[in-house]
């Protein structure tokens, strides 16, 4: 049994009443399973974002991003990142898929996630959805990609930095095959735009940035 914020549960229930599926995903579920208090509220949903204020009582859209099928919403005082369930096309530019496509399948949506520990979803009507054994990796304190790591880090080099961020933050070990893939692909970090690189580095403490430099990741 995991302890879920009651306001978030209310949103999931209202979504169901309106005839749509919504799931808690990503960092919030990961942290809940680890017993960590989190305000990183991410929901993946089939709700039509432009109609959400009509469909869900007490919901206000603060920002809508049509390009990435996402919105920032305020639901009864909870700030939530709401994203439509989606499938990503091939990555043409580092970190950016060539196209996005709507889906109604949470399993298809979870395929696009970075690490197994971040590819866990929850619905009060279904329970925990964990197709990549993320709970086992949480138990074993392991960071590893969903896809073959050599493909995954090449597809999106920002995952290299995220692997270390989660490793440092959670005290987890990066899987051996992932480390090999990171070493082989770390030169791809140079292909990131300054904005992309800085956005990721801003999530590290000064101490952890020094750790990255010491192991020659940046």
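Numbering (our numbering), first residue to last: 11 to 228.
C-beta atoms are modelled at their ideal positions from N, C-alpha and C, and glycine is treated no differently.
Exposed unless 16 or more other CB atoms sit within 10 angstroms - verdict on residue i
{"i": "residue 114", "result": "exposed"}
{"i": "residue 135", "result": "exposed"}
{"i": "residue 7", "result": "Outside the shown range of the chain (11 to 228) lies residue 7, about which nothing can therefore be said."}
{"i": "residue 49", "result": "exposed"}
{"i": "residue 72", "result": "exposed"}
{"i": "residue 165", "result": "buried"}
Of the residues the options, the one placed nearest residue i, counting alpha carbons only
{"i": "residue 68", "options": "173, 37, 88 and 205", "result": "88"}
{"i": "residue 96", "options": "117, 86, 227 and 83", "result": "117"}
{"i": "residue 191", "options": "167, 211, 23 and 107", "result": "167"}
{"i": "residue 107", "options": "77, 91 and 84", "result": "77"}
{"i": "residue 138", "options": "30, 39 and 74", "result": "39"}
{"i": "residue 31", "options": "62, 43 and 44", "result": "62"}
{"i": "residue 178", "options": "122, 200, 220 and 94", "result": "220"}
{"i": "residue 36", "options": "208, 217, 149 and 123", "result": "123"}
Contact under 8 Å by Cβ, residue i with residue j
{"i": "residue 151", "j": "residue 183", "result": "yes"}
{"i": "residue 65", "j": "residue 28", "result": "yes"}
{"i": "residue 173", "j": "residue 158", "result": "no"}
{"i": "residue 133", "j": "residue 21", "result": "no"}
{"i": "residue 175", "j": "residue 213", "result": "yes"}
{"i": "residue 142", "j": "residue 129", "result": "yes"}
{"i": "residue 196", "j": "residue 227", "result": "yes"}
{"i": "residue 83", "j": "residue 70", "result": "yes"}
DSSP beta-bridge partners of residue i
{"i": "residue 113", "result": "DSSP output for residue 113 lists no bridge partner at all."}
{"i": "residue 17", "result": "Paired residue(s): none; residue 17 is not in a bridge."}
{"i": "residue 125", "result": "155"}
{"i": "residue 217", "result": "In the DSSP output, where bridge partners are listed per residue, residue 217 has none listed."}
{"i": "residue 70", "result": "84"}
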